[in-house]
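Numbering-wise (my numbering), the sequence shown opens with residue 22 and increments by one.
Glycine included, C-beta positions come from ideal geometry on N, C-alpha and C.
Just so it is clear, the structure is predicted and the values come from calculations on it, not from any experiment.
Report on the structure given below.
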Amino acid sequence: MEIIEKAPAKINLGLDVLYKREDNYHELEMVMSSVDLADHLSFEPLYEDQIVIESNKAFLPSDQRNNVYQAAAIIKKRYGIAAGIKITIKKNIPVAAGLGGGSTDCAATLRGLNRLWKLELSMEEMIDIGMHVGTDVPYCLYGTTSFIAGKGEIVNVLKPMSPCWVILVKPQLSVSTRKIFQQVDMTQITHPNMKELASAILRQDYSGMLNYMGNSLEDITIPKHPIIQQIKSRMMKFGADIALMSGSGPTVFALCQKQSRAKRIVNGVKGFCDEVYMVRTLR
Ligand code: ATP
Numbered sequence: 022m023e024i025i026e027k028a029p030a031k032i033n034l035g036l037d038v039l040y041k042r043e044d045n046y047h048e049l050e051m052v053m054s055s056v057d058l059a060d061h062l063s064f065e066p067l068y069e070d071q072i073v074i075e076s077n078k079a080f081l082p083s084d085q086r087n088n089v090y091q092a093a094a095i096i097k098k099r100y101g102i103a104a105g106i107k108i109t110i111k112k113n114i115p116v117a118a119g120l121g122g123g124s125t126d127c128a129a130t131l132r133g134l135n136r137l138w139k140l141e142l143s144m145e146e147m148i149d150i151g152m153h154v155g156t157d158v159p160y161c162l163y164g165t166t167s168f169i170a171g172k173g174e175i176v177n178v179l180k181p182m183s184p185c186w187v188i189l190v191k192p193q194l195s196v197s198t199r200k201i202f203q204q205v206d207m208t209q210i211t212h213p214n215m216k217e218l219a220s221a222i223l224r225q226d227y228s229g230m231l232n233y234m235g236n237s238l239e240d241i242t243i244p245k246h247p248i249i250q251q252i253k254s255r256m257m258k259f260g261a262d263i264a265l266m267s268g269s270g271p272t273v274f275a276l277c278q279k280q281s282r283a284k285r286i287v288n289g290v291k292g293f294c295d296e297v298y299m300v301r302t303l304r
């Protein structure tokens with residue numbers, strides 16, 4: 022029997038770094054939503070007690086460095102599963118891009134193995150395992166527009182954001198989330214208001230949402246990679262309602278409601294950047 026799970030990418034409609042905690046993590050408030058750009062994972066039982074990871078991207082690790090491997094290993098150990106598993110990842114989400122690719126694959130693995138091995142894990146149990154792998158995993162387990170707090174473990178589901186087009190542009194550079202957080206200077210960053218953003222989404226107020234969207238980490242990543250600002254400006258020039266960096270970057274996304282305008286933005290950034298996706302919000 023083979024099980025298939027879809028693992029959608031996330032975007033940050035907002036990200037505020039509140040302060041640095043004593044455990045060296047940053048206390049965050051974020052609003053995330055998922056988009057219709059997804060990895061596809063398939064799960065096949067193996068008789069031999071091993072974890073085999075295969076993927077269409079040769080550069081992805083297939084051992085314990087892969088989030089999917091880690092999730093499977095924790096589940097096997099915690100619940101004493103002696104059977105083996107082969108997990109095949111069809112990777113469509115750009116890697117190290119601010120789109121939560123590794124976290125959403127981990128969440129899909131928890132869902133997939135929960136089904137395959139009939140473990141009946143609660144959301145709390147899956148969140149607990151997920152937090153050992155990555156701080157965006159709890160959000161990815163819910164996958165619907167949410168307000169997130171703590172270091173990522175507190176997830177309050179909001180209403181689905183107003184449906185719209187999302188244009189994602191990934192410049193040819195990788196950004197390490199860990200390194201960006203190491204460089205956060207609390208006296209230098211701006212603080213978008215995440216509570217107002219969440220209220221606008223609950224009211225399904227699209228223009229109110231645009232007013233409160235923002236990302237503290239732009240203040241760190243953009244000075245290092247000015248192309249991000251150039252992409253943002255270009256998207257605004259071609260009619261985006263807003264253009265913002267997702268997570269720690271470098272992907273920039275634009276929102277707009279009309280398909281014709283979304284196509285204009287896509288044409289405006291093509292040639293400037295190779296990796297461009299035009300997708301819909303999910304829920
Ligand atoms: P976030 O938005 O949560 O910061 P990201 O989009 O910036 O995530 P990922 O795509 O998750 O970053 O990749 C970060 C690192 O994780 C890469 O160096 C990659 O090699 C590693 N990694 C491990 N497992 C996976 C996976 N299943 N998919 C993608 N990257 C993975």
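Please classify residue i as buried or exposed, where buried requires at least 16 neighbouring CB atoms within 10 angstroms.
| i | result |
| --- | --- |
| D206 | exposed |
| M182 | buried |
| G101 | exposed |
| Q91 | buried |
| P247 | exposed |
| L58 | buried |
| N67 | Reading off the sequence shown, one finds Leu at residue 67, where the question assumed Asn. L67 comes out exposed. |
Closest to residue i by CA distance: which of the options is it?
| i | options | result |
| --- | --- | --- |
| L81 | Y40, E296 and T109 | T109 |
| L131 | G119, L120 and C161 | C161 |
| D226 | C185, S143 and K191 | C185 |
| D44 | S228, C294, G171 and D262 | G171 |
| G155 | L142, E141, S76 and D126 | D126 |
| V290 | I222, P192, E239 and G270 | P192 |
| I201 | Q251, P271 and M22 | P271 |
| K245 | S197, A221 and I286 | S197 |
Between residue i and residue j, is the Cβ-Cβ spacing less than 9 Å?
| i | j | result |
| --- | --- | --- |
| N33 | G268 | yes |
| E146 | P159 | no |
| G164 | L62 | no |
| I169 | V52 | yes |
| K112 | D60 | yes |
| A30 | I148 | no |
So is the beta-carbon of residue i under 8 Å away from any non-hydrogen atom of ligand 1?
| i | result |
| --- | --- |
| F80 | yes |
| T198 | yes |
| R132 | no |
| L120 | yes |
| G164 | no |
| N113 | no |
Could you tell me which whole alpha helix (DSSP H) segments of length 4 or greater appear in the stretch 197 to 233? 198 to 203, 215 to 223 and 227 to 233
Report the residue ranges of all alpha helix (DSSP H) runs contained in full by the stretch 42 to 102; include only those spanning at least 4 residues, in chain order. 88 to 99
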